[in-house]
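Beneath this line is the structure, given in structure tokens, with notes to follow.
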């Protein structure tokens with residue numbers, strides 16, 4: 037039996053989760069929160085020098101096509117604003133959910149359980165993999 041698991045990452049950890057998911061075949065789903073998924077777009081947006089030698093999730097984003105994934109961004113996130121993700125989303129075929137009132141650091145802890153539960157319920161509705169939100173019902 038092959039064990040499959042989901043990956044979740046926040047900010048730089050979200051970029052790492054995306055990079056890891058691109059390299060493995062045992063990932064069931066991917067969720068990122070306020071993650072920098074296109075390093076070049078991010079440095080350009082902020083007027084910074086390009087980061088040479090950095091791994092960039094957008095480079096192999098097409099490897100994630102077909103993987104259930106959701107990328108959460110705060111509507112007020114100025115550190116990693118939604119427009120810096122356009123190329124990654126197009127290449128990976130993923131969806132982005134903009135979370136009202138959230139910025140890069142505020143309000144994720146409070147909204148996280150419901151956001152994850154909703155995503156897992158969406159996966160369960162479209163795949164044969166059962167997800168149960170750790171025994172809790174989604175609200």
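In my numbering, the protein residues as written are 37 to 175. Don't be surprised by glycine CBs; every beta carbon is placed ideally from N, CA and C.
If you measure between the beta carbons of residue i and residue j, is that distance less than 7 Å?
i	j	result
residue 74	residue 44	no
residue 57	residue 63	yes
residue 71	residue 97	no
For residue i, which of the options has the nearest alpha-carbon?
i	options	result
residue 89	76, 81, 99 and 142	76
residue 129	143, 152 and 66	66
residue 142	46, 72 and 42	46
residue 110	145, 53 and 91	145
residue 60	40, 113, 114 and 159	40
residue 140	48, 150 and 100	48
residue 99	125, 136 and 114	125
Return the CA-CA distance between residue i and residue j, expressed in angstroms with no decimal places.
i	j	result
residue 103	residue 82	30 Å
residue 105	residue 122	15 Å
residue 131	residue 107	6 Å
residue 170	residue 155	With a pLDDT of only 49 at residue 170, under the threshold of 50, the placement of this residue in the model should not be trusted, and no figure is reported.
residue 138	residue 84	24 Å
residue 166	residue 42	Because residue 166 sits at a pLDDT of 45, beneath the cut-off of 50, its placement in the model cannot be relied upon, and the point is left open.
residue 101	residue 127	8 Å
residue 147	residue 37	34 Å
residue 150	residue 120	25 Å
residue 114	residue 136	14 Å
residue 79	residue 86	6 Å
residue 91	residue 159	28 Å
residue 161	residue 112	30 Å
residue 157	residue 118	24 Å
Here's the rule I'm using: 16 or more other beta-carbon atoms within 10 Å means buried, otherwise exposed. How should residue i be labelled?
i	result
residue 134	exposed
residue 116	buried
residue 69	buried
residue 152	buried
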